[in-house]
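K.L.:
In the numbering used here, the protein residues as written are 29 to 351. Have a look at this one.
Below, the structure written as structure tokens:
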């Protein structure tokens, strides 16, 4: 099964062209689900699983994969579907994923294939379901609907860990964010990442708007730029502290969003941060290639807060020098 993923490194050339590859799999029955290939380390036959006492019910145990112990998660149960019976574990497959150096295995019924997709062909879930489902996108492949799983939300719920900016950090830096009219625009397809980004900005006292794809972010910026052209408001660069965007998103990815920002003279000076839960040096190189100012791994709230505070310091210093 690992042969499915041969040549993943070569697939990084798709990034920056609003394209990606999707690993299709089945959890239960004929419904197809998908996950970004870059988030997948390998696909293997489910190994022997050792139970872990008092663990989350979705964590069916741990397994040793070539000397590395990792949690094994029943993806069906995580999505409120019928779980895989223990006696069928040996017939199932495990998708081994990596997020910010955290490795885990997801048990699935079967793996179908890898398909080459354009981000514009992947639609976000309906607005009415954004806060209640486990999907980041919906698309169609081989005449079937494919639901793209929000694996980050599953992992956050299973871990039970909700990270936030510490009181110590806030007491040290709160004075920098108060009494200033700062605004940050964010874009991310994961509800977990959106909530965490918004919570961090709210705690810092920074006004914000967080949308679920790059196209919405670009339209927001263009609307503000149009308002400035009509003398309804100040130039966008004087209103927005920074743009913080996920890289992998439906409709328009972060690389394409950044490219469009740099092409528009009304937006080209905006400070842009790209973020991802995916590991790999290609993020740094492509971030530089498309003209983003910084790459940030998701999501350590305090690290994110520090980046925001640093930008506020630079913005304030620049403004004082221009005065």
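We put the beta carbon where it would ideally sit given N, CA and C, even for glycine.
Is residue 10 helix, strand or coil by DSSP?
P.N.:
A query on residue 10 cannot be resolved here, the shown segment of the chain reaching from 29 to 351 and no further.
K.L.:
Output the boundary residues of the beta strand (DSSP E) element that contains residue 174.
P.N.:
172 to 177
K.L.:
So, for residue 167: in the same chain, excluding its five sequence neighbours on each side, which residues have a beta-carbon less than 6 Å away from its beta-carbon?
P.N.:
149, 150, 174
K.L.:
Do you know whose CA, among 111, 115, 130, lies nearest residue 97's CA?
P.N.:
130
K.L.:
Can you look up residue 214 in the DSSP assignment and give me helix, strand or coil?
P.N.:
It is a strand residue.
K.L.:
Given a cut-off of 8 Å on the beta-carbon distance, is the pair residue 65 and residue 50 in contact?
P.N.:
yes
K.L.:
Between residue 216 and residue 238, how many whole angstroms is the CB-CB distance? I'm expecting something under 8 Å.
P.N.:
Distance from residue 216 to residue 238 at the Cβ level is roughly 7 Å; contact confirmed, criterion being Cβ atoms closer than 8 Å.
K.L.:
Pairing CB atoms from the region 248 to 266 with CB atoms from the region 194 to 201, are three or more of them under 8 Å?
P.N.:
no
K.L.:
Taking the alpha helix (DSSP H) that residue 289 belongs to, which residues open and close that run?
P.N.:
282 to 291
K.L.:
For residue 92, write down the residues that DSSP places opposite it in a beta bridge.
P.N.:
DSSP output for residue 92 lists 97 as bridge partner(s).
K.L.:
Would you tell me roughly how many angstroms separate the C-alpha atoms of residue 304 and residue 321, rounded to the nearest one?
P.N.:
14 Å
K.L.:
Decide yes or no for the touch test of the region 241 to 255 against the region 278 to 290: beta carbon pairs closer than 8 Å, at least 3 of them.
P.N.:
yes
K.L.:
Can you tell me whether DSSP reads residue 265 as helix, strand or coil?
P.N.:
helix
K.L.:
For residue 264, which of 276, 299, 277 has the nearest alpha-carbon?
P.N.:
299
K.L.:
What would DSSP say about residue 181, mapped onto helix, strand or coil?
P.N.:
helix
K.L.:
Rounded C-beta distance between residue 181 and residue 104? I'm assuming under 8 Å.
P.N.:
Contact flag wrong, Cβ pair sits at about 15 Å.
K.L.:
Could you check whether residue 68 and residue 112 sit closer than 8 Å to each other, using their CB atoms as the reference points?
P.N.:
Cβ atoms of residue 112 and residue 68: not closer than 8 Å.
K.L.:
Output the distance between the C-alpha atoms of residue 106 and residue 286, rounded to the nearest integer angstrom.
P.N.:
C-alpha separation (whole angstroms): 34 Å.
K.L.:
With a CB to CB cut of under 6 Å and the five nearest residues on each side skipped, what residues in its chain are close to residue 332?
P.N.:
Counting only Cβ-Cβ distances below 6 Å, and skipping sequence neighbours, we find 228.
K.L.:
When you compare each of 220, 302, 268 to residue 213 by their alpha carbons, which one comes out closest?
P.N.:
268
K.L.:
For residue 247, which option in 324, 234, 289, 220 has the closest C-alpha, if you only look at C-alpha atoms?
P.N.:
Checking every option, the nearest Cα to that of residue 247 belongs to 289.
K.L.:
Do residue 129 and the ligand GDP come close, with the Cβ less than 7 Å from some heavy atom?
P.N.:
In terms of ligand content, the structure shown is empty, and the ligand GDP therefore cannot be addressed.
K.L.:
Quick one: what does DSSP say residue 39 is sitting in, helix, strand or coil?
P.N.:
Low confidence applies here, because residue 39 scores a pLDDT of 48, under 50, leaving its location unreliable; read the following figure in that light. DSSP places residue 39 in helix when its eight states are reduced to three.
K.L.:
Thinking just about the alpha-carbon of each residue, which of 165, 250, 193 is nearest to the one in residue 218?
P.N.:
Closest option to residue 218, Cα to Cα, is 165.
K.L.:
Based on the DSSP output, what are the partners of residue 235 in its beta bridges?
P.N.:
211
K.L.:
Beta-carbon within less than 7 Å of residue 210's beta-carbon, same chain only, minus the 5 sequence neighbours each way: which residues are those?
P.N.:
234, 235, 269, 340
K.L.:
Can you tell me which residues form a DSSP beta bridge with residue 345?
P.N.:
According to DSSP, residue 345 bridges with nothing at all.
K.L.:
How many angstroms separate the CA atom of residue 95 from the CA atom of residue 74?
P.N.:
15 Å
K.L.:
Within 10 angstroms of its Cβ, does residue 102 collect 16 or more other Cβ (buried), or is it exposed?
P.N.:
buried
K.L.:
Any idea what DSSP makes of residue 332, helix, strand or coil?
P.N.:
In the structure shown, residue 332 sits in a helix (DSSP, three-state: H, G or I).
K.L.:
Return the residue from the list 252, 251, 324 that minimises the CA-CA distance to residue 274.
P.N.:
324
K.L.:
Grouping DSSP H, G and I as helix and E and B as strand, with all else coil, what is residue 274?
P.N.:
strand
K.L.:
Would you kindly work out how many angstroms separate the C-alpha atoms of residue 293 and residue 46, rounded to a whole number?
P.N.:
22 Å
K.L.:
If you draw a straight line from the C-alpha of residue 154 to the C-alpha of residue 296, how long is it?
P.N.:
31 Å
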